[in-house]
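Protein chains: 2
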Amino acid sequence: MKLRVLVIVMFAMFSLPVAVHAQTSDADDVKLIFDEALRNGKSYEWLRYLTTQIGPRLSGSAGAAEAVNWAKTEMQNIADTVWLQPVMVPHWIRGSEEDAYIKGSNKKRNVAVNVCALGGSVGTGSGGITAKVIEVKSIEELSQLGSHRIKGNIVFFNRPMDVTQPRTFDAYMGAVDQRAMGPSAAARHGAVGVIVRSMGLNAEDYPHTGALRYEPDAPKIPAIAISTRHADLLSQSLKEDNGLQFYFETHCEMLSDVQSYNVIAELKGSEYPEQIIVVGGHLDSWDLGDGAHDDGAGCVQSMEVLRIYRGLGLSPKHTVRVVLFMNEENGLNGGREYALQAEQRKEQHIAAIEADEGGFTPRGFSMTASPEFRNKVIGWKPALEPYGLTDFSREGGGADIGPLSKFNIPLIGYMPDSQRYFDYHHTKEDTFDKISKRELDMGAGCMAALIGLIDKHGVN
Amino acid sequence: MKLRVLVIVMFAMFSLPVAVHAQTSDADDVKLIFDEALRNGKSYEWLRYLTTQIGPRLSGSAGAAEAVNWAKTEMQNIADTVWLQPVMVPHWIRGSEEDAYIKGSNKKRNVAVNVCALGGSVGTGSGGITAKVIEVKSIEELSQLGSHRIKGNIVFFNRPMDVTQPRTFDAYMGAVDQRAMGPSAAARHGAVGVIVRSMGLNAEDYPHTGALRYEPDAPKIPAIAISTRHADLLSQSLKEDNGLQFYFETHCEMLSDVQSYNVIAELKGSEYPEQIIVVGGHLDSWDLGDGAHDDGAGCVQSMEVLRIYRGLGLSPKHTVRVVLFMNEENGLNGGREYALQAEQRKEQHIAAIEADEGGFTPRGFSMTASPEFRNKVIGWKPALEPYGLTDFSREGGGADIGPLSKFNIPLIGYMPDSQRYFDYHHTKEDTFDKISKRELDMGAGCMAALIGLIDKHGVN
């Protein structure tokens, strides 16, 4: 990076004799970047537009197409080159609103509950499904019950996320198998539908969507998420009413694949233009909210990395390439296509960074990388720690950059604080008003600072 | 602490031969406490009541009195003893709503701007004040201009908080002298009123109140805060219009002092009952919001420390005493009275912890303590770090516990993340909906965990 030159010049204005010999420290470089992000950051206004003017951006939707055009236009102001990389994506639609209620036996009243179809689910169609409910806490418990107990019933996966996990993603990883694998597991045992407890940590009134994964050899049965509060209600009702039935109706369906795009922009490296550092997030979102934290934040923070270079009048030594991936939520086709094209074109990637854990205050970076690279980043800790970056211990890069693992390069995930993420994740609550401008700017600063350090010191 | 016994028993259920010889680790103890806070925490529901049912609690107000009674009643369920400690407090009232506008010269229209009286300010009374405006960036600049430029005018202190400070409290400390000292400094030069740029980091439409400090020998002139957005507007307008005047009208006044109380509750120590660990926050708040982050959060987190002991069926070895201080915002009389009484009764305090930086995700603890004590806490880092507590480097305890410094004991401040604090601080936006249940519970866990470790290992 050419930060060195600028800092010397700035410093020289005050103290020439010392300055001309000065070597800028990593701490100085990092501060320069954060100062620019915090003073002149554009992330927040970009995100305001993306979420409130464009809105939800599920793959194949009009919103996704609009977001592609918007991002391309915006990045033309901050990049040397911008282009669209075609990728075919699934086109699942929710259809008209879901309807669900608990049907008590013995003339008890129906109780409406808040549900949403899981992404990728088949719909029930008009008339819906009505059946008895078998509650289980795991796929294992489902198997133990066996087909004679499950057949013809709705399976209700109700294992809560573990609230005692300090990092909420760990709680998510410990529960999300129910949503992803539960529907096919239940279908194999003859279930007619699946209800999954929402992936949320609080007592909430709204459901969390997210993708299920139908296995090719299992029947496709309709599946919904139910709000955590109504999951508790349903569980309690099942204890009190042996004859209880559950009704739900969904109108979702999978249409034909659609042409879409990864949006790519780069600043050409001044010394090693053929060596590429990727930074990105995913441009698609679920359909219920505006995708502010997931992952509008990661997109605008990635764009902001280029803007910071431009704002400071600096050029990176290596090429810095922003990739806004399409279709992370229900396919990962964008991530796969990007890696495929990189391979076919024999591009030389040296590192990839993804931001896809929300626009919250900084905590650290996770890494799938060699011990040597991890230690290198840990060596930068004195410069990064003042900005809240203290945790470099975790494994993981990001879903979209995962396919780049074949290049055997460091894959890095920006890791913000996780406490609030699952209040919003995949729900109608994931909207712009949940964004703190400063937290968003700080996150952009983190991404730019790490890229600056990689650009300065290399990856080896 | 008696955590040891319980953990051994729990562990013994699975693995008796090892367990009976097991010594519980600090990490086990800390986890036990956080698990209880995260599973069964009451902070959030307490805070919901305090903020939405009682509301603002400025010293001397009906809300403050109601909060005293509520806290006393609630703590009777979780403490061995609860009592009220009388303290006289100032009773400042805002009166009817403030009114202010920029009066352009040459028949330009008046432009209404958002302001609020600073706490403790005298009012303008009906008719308000109209005068020309002198903008300065500091008290020093004011002095350089001198009385001949200032006399008869309104002084506008417009130095923004430094957005590049990663920790927002540092930005606050770098700007708040304008609010605290500006009015008397301006009055000495003959100013007729003072406008202070709100202590906020963003472009906001609402003003931030907070206490001014009239010096005894300076005239008392009315002082207001103006929203950051309108501060920028006023500054721009001054550049464009030489004849500009400013009008504001406030109806605040200082009434006679009122009898109020610190609310105190304790769990008696099982081994060293005479040795007291204090944990607290301040029960009073400014009048504009509901005091959710400042400092309802610190109060309910302190209460939760006792509830966690009760919930786990544990007794501390030392006495753990919750103090909900009255009048931190505009006097500190509660903190002073508590320390005075402690001295007169020859109580033996061994440590004091305050939470007064909002109910945000954990970052660390600040300390005014010996290097030995600080190192002791740093030695506990492996147990605390998984919960986000990584920063033990900063100086400072808390305003209310400050007067306990005469006992030469460690004074400790719970230090949550600071990024969002000044979005809400002293404004109408400091309301319950800005609270994350998990962040609040995590903070309570931090306080309880540190007290648990101090109780287990002592302070020396």
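Here the protein sequences line up with chains A and B, keeping their order. FYI, in my numbering the residues of the first sequence are 1 to 460. FYI, in my numbering the residues of the second sequence are 461 to 920. No residue lacks a Cβ here, since even glycine has one placed at the ideal position from N, Cα and C.
Tell me which residues share the same chain as residue i and place their Cβ nearer than 8 Å to its Cβ, disregarding the 5 neighbours each side in the sequence.
i               : result
arginine 48/A   : Phe432
valine 459/A    : Ile350, Ala351, Phe373, Lys376, Ile409, Pro410
proline 382/A   : Asp26, Ala27
threonine 209/A : Cys116, Ala117, Leu118, Gly119, Ala225, Trp286, Asp287, Leu288, His426, Thr427
glutamate 788/B : His742, Asp744, Asp755, Gly794, Gly795, Asp816, Ala859, Asp860
serine 697/B    : Ile562, Gly564, Val571, Leu704
Please list, in chain order, the chain A residues whose beta carbon lies closer than 7 Å to that of residue i.
i            : result
valine 623/B : Leu38, Arg39
In the DSSP assignment, find the unbroken beta strand (DSSP E) run with residue i in it and report its ends.
i                : result
aspartate 29/A   : Note, aspartate 29/A: premise wrong, no beta strand (DSSP E); alpha helix (DSSP H) at 26-40.
alanine 524/B    : Unbroken run through alanine 524/B is the alpha helix (DSSP H), 522-535; no beta strand (DSSP E).
serine 716/B     : 713-727
proline 207/A    : Looking at the DSSP string, proline 207/A is not in any beta strand (DSSP E), and its letter there is neither H nor E.
methionine 173/A : Per DSSP, methionine 173/A belongs to no beta strand (DSSP E); it is in the alpha helix (DSSP H), 168-173.
tryptophan 92/A  : 81-93
arginine 57/A    : Segment: none, arginine 57/A is in no beta strand (DSSP E) and carries neither H nor E.
arginine 673/B   : Where arginine 673/B is concerned, there is no enclosing beta strand (DSSP E), given that its DSSP letter is neither H nor E.
aspartate 622/B  : It is not in any beta strand (DSSP E) - aspartate 622/B carries neither H nor E in the DSSP assignment.
If I measure Cβ to Cβ from residue i and keep anything under 7 Å in the same chain, skipping five residues before and after, which residues do I get?
i                : result
glutamine 245/A  : Lys103, Thr130, Ala131, Lys132
methionine 447/A : Val279, Gln301, Ser302, Val305, Ile353, Ala355, Tyr414
threonine 168/A  : Leu201, Ser418, Gln419, Tyr421, Phe422
tyrosine 172/A   : Met161, Met199, Phe422
isoleucine 553/B : Cys712, Glu713, Leu715
valine 323/A     : Asn262, Ile264, Val278, Gly280, Tyr338
glutamine 801/B  : Gln545
Give a yes or no on whether the minimum CB-CB distance between residue i and chain A is below 7 Å.
i               : result
glutamate 855/B : no
tyrosine 847/B  : yes
aspartate 495/B : yes
Which residues in chain A have a C-beta closer than 8 Å to the C-beta of residue i? List them in chain order.
i               : result
glutamate 899/B : Gln419, Arg420
Grab me the residues of residue i's own chain with a C-beta within less than 6 Å of its C-beta, minus the 5 sequence neighbours each way, in chain order.
i              : result
glycine 520/B  : Val549, His551, Val718
tyrosine 674/B : Ser644, Lys680
glycine 650/B  : Ser607, Ile610, Lys611
leucine 281/A  : This sequence places glycine at residue 281/A; leucine is not what is there. Once the five neighbours on either side are set aside, the close Cβ partners of glycine 281/A are Asp295, Gly298, Cys299, Ser302, Ala355, Asp356.
glycine 128/A  : Tyr247, Phe248, Glu249
alanine 187/A  : Ala218, Pro219, Ile221
arginine 321/A : Glu266, Ile276, Val278
Any beta carbon from chain B within less than 7 Å of residue i's own beta carbon?
i               : result
threonine 427/A : no
serine 436/A    : yes
threonine 361/A : yes
threonine 390/A : yes
leucine 450/A   : no
Need the endpoints of the alpha helix (DSSP H) that residue i sits in, please.
i                   : result
leucine 772/B       : 757-772
phenylalanine 833/B : 831-839
valine 908/B        : Note on residue identity: the sequence assigns alanine, not valine, to residue 908/B. Where alanine 908/B is concerned, the enclosing alpha helix (DSSP H) stretches over 897-917.
histidine 809/B     : That residue, histidine 809/B, is in no alpha helix (DSSP H); its beta strand (DSSP E) goes 808-814.
methionine 641/B    : 637-648
glutamate 797/B     : 793-804
serine 607/B        : 607-610
threonine 228/A     : 228-240
phenylalanine 867/B : From DSSP, phenylalanine 867/B is part of no alpha helix (DSSP H); its letter is neither H nor E.
serine 503/B        : 503-508
Report the neighbours of residue i on chain B: residues whose CB is nearer than 7 Å to its CB, in chain order.
i             : result
leucine 201/A : Arg898
So residue i contacts chain B; which residues on that side make the cut at Cβ distance below 9 Å?
i                : result
methionine 442/A : Pro626, Gln879
Quick one: which chain A residues come within Cβ less than 9 Å of residue i?
i               : result
aspartate 434/B : Since the first residue shown for chain B is 461 and the last is 920, residue 434/B is missing from the structure and cannot be characterised.
Any contact of the stretch 306-315 of chain A with the stretch 362-372 of chain A, i.e. 3+ C-beta pairs under 8 Å?
no
I'd like to know if the stretch 492-501 of chain B and the stretch 726-737 of chain B are in contact, where contact means that at least 3 CB-CB pairs between them fall below 8 Å.
The stretch 492-501 of chain B, when compared against the stretch 726-737 of chain B, does not touch it at the 8 Å Cβ threshold.
Flag this pair as touching only if the stretch 909-917 of chain B and the stretch 858-867 of chain B have three or more C-beta atom pairs under 8 Å; answer yes or no.
no
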